[in-house]
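Here the structure comes first, spelled out in structure tokens, and everything after it is commentary.
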Amino acid sequence: MSTPTDVESPFLPVAATPTDRRRLPRSSPRLSRDTVSLIGIGVFAVLMLLVAPAVLSDFRLNNLGKYACWAMVAVGIGLAWGRGGMLVLGQGVYFALGAYAMAMHLTLETAGPDAIPVFMILYDPLAPLPGFWEPFRSGAFTLLAVVGAPVLLAGTLGYAIFKRRVKGAYFAILSQALAVALAYLIGGTIKLTGGDTGLSDFKYFFGYDLSDPINKRMIYSITAGLLVLCLLVVWQLYRSRFGELLVATRDAEERVRFLGHDPANIKLVAYVTAAVMASIGGALFVPIAGIISPKEIGAAASIFLIAGAAFGGRATLFGPVLGALLLGYGRSSLSEQWENGWIYVLALMFILVTLLAPEGVASIPRRAAGLLGSLRRPTESRPPRNTAAKETKS
Amino acid sequence: MTGQDYVEVQGLTVDFDGFKANEEVDVTFLQGRIHFLIGPNGAGKTTLVDALTGLVKGTGRARYGNLDLLSLKSHQISRAGVGRTFQTATVFEELSVLQNLDIAGGVHRKAWGMLRARKGIPDYVQEAMETVGLADLRDRPAGVLAHGQKQWLEIGMLLVQDAKVMFLDETVAGMSHEERDETGELLRRIAPSRTIVVIEHDMDFVRNHADFVTVLHAGKVLAEGSVADIQGNPRVQEVYLGRNIEEVSHE
Ligand SMILES: Nc1ncnc2c1ncn2[C@@H]1O[C@H](COP(=O)(O)OP(=O)(O)OP(=O)(O)O)[C@@H](O)[C@H]1O
Ligand SMILES: [Mg+2]
Chain X
119 MSTPTDVESP
129 FLPVAATPTD
139 RRRLPRSSPR
149 LSRDTVSLIG
159 IGVFAVLMLL
169 VAPAVLSDFR
179 LNNLGKYACW
189 AMVAVGIGLA
199 WGRGGMLVLG
209 QGVYFALGAY
219 AMAMHLTLET
229 AGPDAIPVFM
239 ILYDPLAPLP
249 GFWEPFRSGA
259 FTLLAVVGAP
269 VLLAGTLGYA
279 IFKRRVKGAY
289 FAILSQALAV
299 ALAYLIGGTI
309 KLTGGDTGLS
319 DFKYFFGYDL
329 SDPINKRMIY
339 SITAGLLVLC
349 LLVVWQLYRS
359 RFGELLVATR
369 DAEERVRFLG
379 HDPANIKLVA
389 YVTAAVMASI
399 GGALFVPIAG
409 IISPKEIGAA
419 ASIFLIAGAA
429 FGGRATLFGP
439 VLGALLLGYG
449 RSSLSEQWEN
459 GWIYVLALMF
469 ILVTLLAPEG
479 VASIPRRAAG
489 LLGSLRRPTE
499 SRPPRNTAAK
509 ETKS
Chain H
20 MTGQDYVEVQ
30 GLTVDFDGFK
40 ANEEVDVTFL
50 QGRIHFLIGP
60 NGAGKTTLVD
70 ALTGLVKGTG
80 RARYGNLDLL
90 SLKSHQISRA
100 GVGRTFQTAT
110 VFEELSVLQN
120 LDIAGGVHRK
130 AWGMLRARKG
140 IPDYVQEAME
150 TVGLADLRDR
160 PAGVLAHGQK
170 QWLEIGMLLV
180 QDAKVMFLDE
190 TVAGMSHEER
200 DETGELLRRI
210 APSRTIVVIE
220 HDMDFVRNHA
230 DFVTVLHAGK
240 VLAEGSVADI
250 QGNPRVQEVY
260 LGRNIEEVSH
270 E
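Here the protein sequences come in this chain order: X and H. What the first sequence shows, in my numbering, is residues 119 to 512, in sequence order. What the second sequence shows, in my numbering, is residues 20 to 270, in sequence order.
The following block contains the structure:
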């Protein structure tokens, strides 16, 4: 009489007709939402890869490329922070890995075979090339390093941090401290890294002359294409079971552990993926901006990187990318007229968003729709089988 | 109706820096029997479950099959088929009912499979969803569920995990009468093939649904037996200082 398969009485609600009708197809409405997102990515790809190059001047397009690099970092931040709950305040570190790997390669390529970089000659014309620079003569090694270095660093660091269950503010402080330390390290080793002046004056990019606008446009297209690819990666992750588990870990880590999973591994995957995206963004930033210096990777820069994600909506698919593009645009157009003014505007916007739409600008339409919806049919949003219980309770 | 599966606890002691939250506890939980753990606040009920599920360290023995639960880690215990709920419901609020249940069944999935989206609903998830009566709320975020529904969802997650032993810590606290009755019937339906242990303060609920009751007091087993045995037990009445058992239990 009471076997586990005897599921009929009394748990199948009889009165809940509105939901009964919707129950017929077994597929969930999530499926269609995924498709909508995919179409969104398609539209974004068309805008970035076809429309923007057609309508923007060389200069503007190059700027957009720069924002796209920051946006790549932001997409990773959306994954690690928005979905994974890790407040990655120091993504400048991974941005730096890719950027400096690329910058070293371009510097050496510009100097020519067997020559040492110009800035080193200024200090000591006879000094040999530092050992760690040598492999970056190879373009293949450089590309490998752009992906491999963040995997190694984020992998070991993340493993140590997450296995020890370091979380929340401690994690945030730790990651920010790393970015600050790295910026200082680079700033203080001028003979090895170019110091605070940074590395610049690149003439070639894998054999392509950087003074030719066509080549710059090609680099833009690569960047925009990779940004779309990053979006596709997180789109797939978000709809996968891994994505669900990541959100579960963010919201109740101990509970996840008690279901037999190891939260450290789940977080590690998201953290490393975000690091790789930041590194690729950094690598492409170099030929586009023409310079990389500690200013682009330290505390303020790292906060700028995460601000885009916060502004746009960290947990949404499109929030971080749109937020970062917008902030990037705001930053350069404001600082064209008002040096450093953007930082005040940024701070103000940050406060406004935090107060008015803590989940980011991207969440505003959804919130508005939810509000309207609940105004229109107030009964629908309540669990149907709860009505009986509600009446007796209060 | 009693099966062969059981958890046999012998001489369990949990020592928090000199304070013994459990002391020499002997108790046996049998399959097919809804076993209630009662006792005043701080009696050590939750600690007992914590010790049996690897959350705190205990000495003694807790035999389940050929395992000693006291020597295993939480995730090993969970994988061995011993599940629990917590005093405060912990469902994943932003995930839907379906996603919550699906995650509970995810331990045995391959890493690569995790990177794919779910195709359809696994049978065991559908079955658990129907058993706990949440099938119609499948796509609802767990955060908007009523308190009782969250508790059912947790039980559903244990079903998906195929937990053969379930420890339910104050599951019906805060539920309405209807919800309590439904929970009681739910437990009755899933009990035959499982070992179910319920921590509870509400004596009405205990009376209506208990097959067997163990009373804990100050970390020790004070008495055990049927509801009638317990209520008539002079030692129980003595410890409750002459007051009605129900008054004390509700504190
Ligand atoms: N981690 C800990 N360290 C020290 N003492 C603890 C710890 N956890 C519980 N205790 C103490 O052990 C005793 C038993 O606590 P426990 O939570 O097991 O009681 P309980 O029977 O579940 O009570 P309640 O009905 O209030 O949930 C209490 O006095 C409590 O303060
Ligand atoms: Mg307790």
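We treat Cβ as the ideally placed atom computed from N, Cα and C, and that holds for glycine. All values reported here derive from a predicted model rather than from experimental measurement.
Selected residue, minimal CA-CA separation from residue 376 of chain X, among H/77, H/254, H/182, H/130: H/182
Report the residue ranges of all alpha helix (DSSP H) runs contained in full by the region 165–250 of chain H; include only those spanning at least 4 residues, in chain order. 166–179, 196–209, 222–228
Buried or exposed by the 16-neighbour rule on C-beta atoms within 10 Å, applied to residue 283 of chain X: exposed
Quick one: using the 10 Å Cβ neighbour count with 16 as the cut-off for buried, is residue 202 of chain H buried or exposed? buried
Give the range of the beta strand (DSSP E) segment to which residue 440 of chain X is assigned. Not the beta strand (DSSP E): residue 440 of chain X falls in the alpha helix (DSSP H), residues 437–455.
At a cut-off of 6 Å, is residue 104 of chain H close to ligand 1 when judged by its beta-carbon and the heavy atoms of the ligand? no
Do you know how far the Cα of residue 332 of chain X is from the Cα of residue 179 of chain X? 11 Å
Going straight from the alpha carbon of residue 79 of chain H to that of residue 71 of chain H, what length do you get? 11 Å
Contact set for residue 309 of chain X: own chain, Cβ-Cβ below 6 Å, skip 5 residues either direction: 241
Below 7 Å between beta carbons is the criterion; list the residues of the region 32–45 of chain H that meet it against any residue of chain X, in chain order. none
For residue 64 of chain H and residue 185 of chain H, the rounded distance between their alpha carbons: 14 Å
What are the start and end residues of the alpha helix (DSSP H) that includes residue 319 of chain X? Careful: residue 319 of chain X lies outside any alpha helix (DSSP H) and carries neither H nor E.
Beta-carbon proximity list for residue 167 of chain X, same chain, < 8 Å, skipping 5 on both sides: 339, 342, 343, 346
Figure out for me which residue from X/463, X/354, X/431, X/470 has the closest Cα to the Cα of residue 133 of chain H. X/354
I think residue 296 of chain X touches residue 211 of chain X, with their Cβ atoms under 8 Å apart; what is that distance to the nearest whole Å? 5 Å
Which first and last residues belong to the alpha helix (DSSP H) in which residue 94 of chain H is found? 93–98
Under 7 Å Cβ to Cβ from residue 413 of chain X, same chain only, skipping five residues before and after it: list those, please. 419
With DSSP run on the structure shown, which of helix, strand or coil describes residue 49 of chain H? strand
When you measure from the CB of residue 385 of chain X to every non-hydrogen atom of ligand 2, does any distance come out below 6 Å? no
Ligand 1 and residue 64 of chain H: does the residue's C-beta get closer than 6 Å to at least one heavy atom of that ligand? yes
Name the DSSP bridge partner or partners of residue 25 of chain H? H/49
Taking three-plus beta-carbon pairs below 8 Å as touching, is the region 240–256 of chain X in contact with the region 436–450 of chain X? no
Show which residues of chain X have a CB atom less than 8 Å away from the CB atom of residue 113 of chain H. 365, 369
Using the beta-carbon count (16 or more within 10 Å), is residue 469 of chain X buried or exposed? exposed
Continuous alpha helix (DSSP H) assignments of at least 4 residues falling wholly in the region 337–406 of chain X: 359–369, 371–376
For chain X, is any of its Cβ atoms less than 7 Å away from the one on residue 122 of chain H? yes
Report yes if the C-beta distance between residue 229 of chain H and residue 55 of chain H is below 7 Å; otherwise report no. yes
Within 10 angstroms of its Cβ, does residue 421 of chain X collect 16 or more other Cβ (buried), or is it exposed? buried
Taking a cut of 8 Å between CB atoms, which residues from the region 326–358 of chain X lie near chain H? 354, 355, 357, 358
Could you give the first and the last residue of the continuous alpha helix (DSSP H) run that contains residue 102 of chain H? No alpha helix (DSSP H) contains residue 102 of chain H, which is instead part of the beta strand (DSSP E) from 101–103.
When the cut-off is 7 Å and only beta carbons count, does residue 90 of chain H lie next to chain X? no
Do residue 437 of chain X and residue 213 of chain X count as a contact pair if the criterion is CB distance below 7 Å? no
Please confirm if residue 118 of chain H has its CB atom under 7 Å from at least one CB of chain X. yes
Are the Cβ atoms of residue 204 of chain H and residue 167 of chain H separated by less than 7 Å? no
Given a cut-off of 7 Å, decide if residue 404 of chain X and residue 410 of chain X are closer than it, judged by their beta-carbon atoms. yes
Tell me whether residue 173 of chain X is buried or exposed, calling it buried when 16 or more other Cβ atoms sit within 10 Å of its Cβ. exposed
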